[in-house]
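In our numbering, the protein residues as written are 97 to 500. By construction, the Cβ of each residue, glycine as well, lies at the ideal position given by its N, Cα and C atoms.
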Ligand code: SF4
């Protein structure tokens with residue numbers, strides 16, 4: 097099979113994995129003439145898919161052959177797809193060539209499980225080792241960790257990779273048992289636990305060997321089982337707490353060819369994935385608990401508005417908030433006020449009284465903020481109680497005209 101065909105198959109097979117953003121690693125470059133590449137983004141074309149995903153990594157599988165038969169996966173052993181496999185040397189050559197052509201800023205390498213977890217992990221590690229040690233590659237590397245692979249291999253992977261990830265795929269053990277019976281949830285968690293220990297060690301001891309400075313991440317598939325958004329966010333909160341994950345990525349299930357009857361026929365709306373990302377952000381940076389964000393009876397986030405606005409509309413009694421007096425944690429709950437705006441507001445109110453006109457300078461969506469706040473020259477009066485507030489702030493979506 098020629099390289100073009102392999103690349104077509106193995107890049108296509110990797111596209112379902114969303115856990116690939118390249119943020120958070122340490123800065124390094126080859127400006128001193130030694131090695132190749134950088135993680136500083138210079139001279140690199142970043143491109144983003146319409147849904148905001150970074151696509152400037154060479155994102156491929158080493159092979160799409162897999163011994164497992166996870167029903168939701170196009171690479172499962174019973175899938176009727178053409179199989180291909182790169183050699184270690186081929187992946188290394190492709191990465192270097194694409195980097196030199198400025199197509200990519202790094203490599204995201206995953207693999208189906210072949211022979212054994214250790215064998216597969218060893219192949220993945222060999223790619224990273226060759227890039228770093230033989231070619232002085234300083235670009236970004238994200239490696240998938242194979243659950244229950246030998247600890248020494250995981251330690252070596254962390255030496256070369258910026259980020260390591262293991263996909264938990266589904267929020268509950270029962271869903272995993274039903275849809276991916278060969279996956280061992282305990283093995284996944286064991287490996288995540290080992291990664292966390294190594295990450296903690298590397299952080300605490302400056303002389304400890306380098307270990308994945310961009311941390312570990314995981315992916316959950318949305319809309320393939322009956323899990324509600326509350327279930328998914330609850331599982332994420334657990335993972336952030338127990339394994340100190342850097343990111344949980346949410347990937348809306350895409351129907352696959354020759355799918356099992358156990359899978360849904362249609363993909364969930366992509367906006368559901370987007371709302372989960374917003375909710376995840378609220379949990380990590382805005383002090384919200386899962387039970388607050390997804391407190392509806394069915395545990396689903398509303399699709400028609402962001403979860404912070406939805407929370408504010410359900411809790412109108414918590415508003416209006418006085419922007420000149422309220423503490424940071426309360427300001428963070430005001431719809432339209434992001435973290436940066438809150439910091440600027442706090443800095444600004446130290447030496448002057450904040451007025452409605454100042455909101456423009458904070459570059460916040462003024463019409464969204466005003467109904468929820470009190471300023472020196474503004475009070476929302478009865479607006480908060482008005483029935484039409486939701487329609488004003490979250491109008492029903494309208495299809496744009498093509499102008500034909
Ligand atoms: S182990 Fe990974 S690659 Fe293999 S079938 Fe399951 S999800 Fe797909």
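{"Check": "Pick from 297, 217 and 262 that is closest to residue 345, judged by C-alpha positions", "Outcome": "262"}
{"Check": "Cβ neighbour criterion (16 or more within 10 Å) applied to residue 491", "Outcome": "exposed"}
{"Check": "Beta strand (DSSP E) segment containing residue 344, residue limits", "Outcome": "343-348"}
{"Check": "Cβ-heavy atom distance, residue 269 to the ligand SF4, below 8 Å", "Outcome": "no"}
{"Check": "Reference residue 483; option with closest CA among 370, 457, 409 and 465", "Outcome": "409"}
{"Check": "Status (buried if at least 16 other CB within 10 Å, exposed otherwise) for residue 215", "Outcome": "exposed"}
{"Check": "Heavy atom of the ligand SF4 within 8 Å of residue 285 beta-carbon", "Outcome": "no"}
{"Check": "Beta-ladder partner(s) of residue 265, from DSSP", "Outcome": "316"}
{"Check": "Start-end ranges of the alpha helix (DSSP H) lying completely within the segment 422-455, minimum 4 residues", "Outcome": "424-427 and 435-445"}
{"Check": "Coil, strand or helix - residue 409 by DSSP", "Outcome": "helix"}
{"Check": "Residue 251 Cβ short of 8 Å to the ligand SF4 heavy atom set", "Outcome": "no"}
{"Check": "Identity of the residues DSSP links to residue 417 by a beta bridge", "Outcome": "469"}
{"Check": "Closest Cα partner of residue 235 within the set 112, 207, 152 and 452", "Outcome": "152"}
{"Check": "Pairwise C-alpha distance: residue 316 and residue 264", "Outcome": "6 Å"}
{"Check": "Nearest candidate by alpha-carbon position, reference residue 403, set 338, 213, 329 and 157", "Outcome": "329"}
{"Check": "Residues near residue 137 in its chain [Cβ-Cβ closer than 8 Å; skip 5 each side]", "Outcome": "Confidence in residue 137 is poor, its pLDDT being 43 and thus under 50, which makes the residue's placement unreliable; the coordinate value appears in the next sentence. The answer, listed in chain order, is 201."}
{"Check": "Reduced DSSP secondary structure (H/G/I, E/B, other) of residue 202", "Outcome": "strand"}
{"Check": "Cβ neighbour criterion (16 or more within 10 Å) applied to residue 462", "Outcome": "exposed"}
{"Check": "Per-residue DSSP class, three states only, for residue 392", "Outcome": "coil"}
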